[in-house]
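Under my numbering, the very last position in the sequence shown is 183; numbers go up by exactly one each time.
Report on the following structure.
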Amino acid sequence: MASQQQVREYLAYWFQLGKKIVLRQGVNPFLPSPVIQGDRYSQEFEDCWQYIFAIGGKDCYLEGTDQTIEELLSPTWQLEDCARCEMPIPLATSGMPAQVCPCYDLPLWPNNDVPGPRAPVSSLSHLTEIRERLERADRSTADDLTADNLGDETLGKKTNLETNSVSN
Ligand SMILES: [Zn+2]
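Shown next as structure tokens:
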């Protein structure tokens, strides 16, 4: 079962890559923009999340996924990192993976210029990026339970995405 915090972060990460949320059948998918403002979530994002939360995520789902937010908050599903792009994706608690990661139709994602796990690391900037990611991971583990940290952590991820697209 994914926690509310995890589901919130899951949406925030994917919104930053342009994935929209389907809130109701027959209504155009919605993308709050911006997602981050300063060091916290934007009002647009908070309003969107409050709406989803108020209806228990029923019939709401992220574009490109089959799992509703209601299901993600149920014991049947949890959120894990995609093996390919490290974004959070639904994983059945029983261990069966979701059919696809929502990254499948993003042409510039994951960034293929970054060497795969088995390739030798050749560039200094890549090393720096890995180090910063590890440092962020350390910090987020230490401060995991403070709500204020969520904004910083997401902002860090966003900066990382921007770095990727620049080097692309
Ligand atoms: Zn992925």
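Positions of the beta carbon are idealized from the N, C-alpha and C atoms, including for glycine.
Fill in: For ligand 1, residues whose Cβ lies under 6 Å from any non-hydrogen atom
Cys97, Arg99, Cys100, Met102, Cys116 and Cys118
Discussion item. Please classify Thr108 as buried or exposed, where buried requires at least 16 other C-beta atoms within 10 Å of its C-beta.
Written reply: Residue numbering aside, residue 108 sits at position 93 when the sequence shown is read from its first letter. By the neighbour-count rule (16 or more Cβ atoms within 10 Å), Thr108 is not buried but exposed.
Item to complete: Using beta-carbon positions only, say whether Val37 and Glu78 come within less than 8 Å of one another.
Response: Residue numbering aside, residue 37 sits at position 22 when the sequence shown is read from its first letter. Residue numbering aside, residue 78 sits at position 63 when the sequence shown is read from its first letter. For Val37 and Glu78, yes; Cβs fall inside 8 Å.
Worksheet item: Taking buried to mean at least 16 other C-beta atoms within 10 Å of its own C-beta, is Lys73 buried or exposed?
Response: Within the sequence shown, residue 73 is the residue found at index 58, counting from 1. Classification for Lys73: exposed.
Worksheet item: Could you give the distance in angstroms between the alpha-carbon of Ala27 and the alpha-carbon of Gly53?
Response: Residue mapping note: residue 27 aligns to position 12 of the sequence shown, counting from 1. Residue mapping note: residue 53 aligns to position 38 of the sequence shown, counting from 1. Answer to the nearest angstrom: the Cα atoms are 14 Å apart.
Discussion item. I need the DSSP call for Val22, collapsed to helix, strand or coil.
Written reply: By 1-based counting over the sequence shown, the position of residue 22 is 7. Three-state DSSP puts Val22 in a helix.
Worksheet entry | Helix, strand or coil at Ile70 [DSSP, three-state] | Numbered from its first residue, the sequence shown carries residue 70 at position 55. In the three-state DSSP reduction, Ile70 falls in the coil class, being neither helix nor strand.
Fill in: Cβ-based burial, Val50 [other Cβ within 10 Å; buried from 16]
Position 35 of the sequence shown, counting from 1, holds the residue named residue 50. Classification of Val50: buried, given that the 10 Å Cβ count is 16 or more.
Practice prompt. Would you decide whether Ile84 is buried or exposed? Buried here means 16 or more other CB atoms lie within 10 Å of its CB.
Written response: Counting from 1 along the sequence shown, the entry for residue 84 is found at position 69. With 16 or more other Cβ atoms within 10 Å, it is buried.
Discussion item. Within a Cβ cutoff of 6 Å, which residues of the same chain sit near Cys63, ignoring the five residues on either side of it in sequence?
Written reply: Working through the sequence shown from its first residue, we reach residue 63 at position 48. Cβ neighbours of Cys63 beyond the five flanking positions: Pro47.
Discussion item. So, at 6 Å on beta carbons, what are the nonlocal neighbours of Glu147 in its own chain, with the 5 sequence-adjacent residues on each side left out?
Written reply: For the purposes of this step, residue 147 is identified with residue 132 of the sequence shown, where counting begins at 1. The answer is none, since no qualifying residue turns up.
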